[in-house]
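Engineer: Could you have a look at this structure, given as structure tokens, before my questions?
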Amino acid sequence: MNHVSIIGRLVRPIELQEVGTGRFVCNNTLAVQRIRKKDDGQQQADFIPIVVWDKTAHLLKQYCSKGTLLGVNGRMVSRSYVNKQNQQVYVVEMIVEEIHFIESKKKVEEAVEIPF
213 MNHVSIIGRL VRPIELQEVG TGRFVCNNTL AVQRIRKKDD GQQQADFIPI VVWDKTAHLL
273 KQYCSKGTLL GVNGRMVSRS YVNKQNQQVY VVEMIVEEIH FIESKKKVEE AVEIPF
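For the sequence shown, the positions run 213 to 328 when this note's numbering is used.
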């Protein structure tokens, strides 16, 4: 079974790419706080690459912005490709199937400072 649910903040502004007739994708990253803090008291986070497709990507663009707190459900996938330096690169990312809005875009835009 490959099912993942995480809550985190969007790290970058939402950008949609058209990747074929009527197909859209959004690649972004969620900053997910760890439960434990560092020894010096600093909060730690993991940065999870996410891929959101089509209608869900449009909803993300419409209702979210950088710093928005969301819950996402989906699955983890791994893939590889050869980069321009002819090196094999391995990627693990989350394919988002559902989004749950925890904060509004307006609330995030009104915030004074986004920590990342």
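The beta carbon of each residue, even a glycine, is placed where N, CA and C say it ideally should be.
Source: prediction; values computed, not measured.
1) Ignore the nearest five residues each way along the sequence and tell me which others in His270's own chain have a CB closer than 8 Å to its CB.
2) Along the alpha helix (DSSP H) that carries Gln274, what are the first and last residues, could you check?
3) Going straight from the alpha carbon of Val304 to that of Ser290, what length do you get?
4) Using beta-carbon positions only, say whether Tyr293 and Val284 come within less than 8 Å of one another.
5) Distance, Cα to Cα, Val216 vs Thr233?
6) Who are Leu228's beta bridge partners in DSSP?
7) Decide if Gly279 is buried, meaning its Cβ has at least 16 other Cβ atoms within 10 Å, or exposed.
8) Applying the 10 Å Cβ sphere with the 16-neighbour rule, what's the burial state of Asn240?
9) Distance check for Ile247 and Glu230, CA to CA, integer angstroms please.
10) Would you mind sorting Gly286 into buried or exposed? The rule is 16 or more other CB atoms within 10 Å of its CB.
Structural biologist: By the coordinates alone:
1) Here residue 270 refers to the residue found at position 58 when the sequence shown is read from its first residue. Around His270: Leu228 and Phe236.
2) In the sequence shown, residue 274 corresponds to position 62, counting from 1. Note, Gln274: alpha helix (DSSP H), Asp266 to Tyr275.
3) Translated into positions along the sequence shown, residue 304 becomes position 92. Translated into positions along the sequence shown, residue 290 becomes position 78. In a straight line, the C-alpha of Val304 is about 4 Å away from that of Ser290.
4) Taking the first residue of the sequence shown as position 1, residue 293 is located at position 81. Taking the first residue of the sequence shown as position 1, residue 284 is located at position 72. For Tyr293 and Val284, no; Cβs fall outside 8 Å.
5) Within the sequence shown, numbered from 1, the residue matching residue 216 stands at position 4. Within the sequence shown, numbered from 1, the residue matching residue 233 stands at position 21. Between Val216 and Thr233, the C-alpha separation is close to 29 Å.
6) Mapped onto the sequence shown, residue 228 falls at position 16. Note: Leu228 sits in no beta bridge, so no partner.
7) Within the sequence shown, residue 279 is the residue found at index 67, counting from 1. Result: buried.
8) Counted from its first residue, the sequence shown places residue 240 at position 28. With 16 or more Cβ atoms within 10 Å of its Cβ, Asn240 is classed as buried.
9) As a working note, residue 230 is residue 18 in the sequence shown. As a working note, residue 247 is residue 35 in the sequence shown. Take the alpha-carbon of Glu230 and the one of Ile247: they are about 37 Å apart.
10) Numbered from its first residue, the sequence shown carries residue 286 at position 74. It is buried - the Cβ of Gly286 has at least 16 other Cβ atoms within 10 Å.
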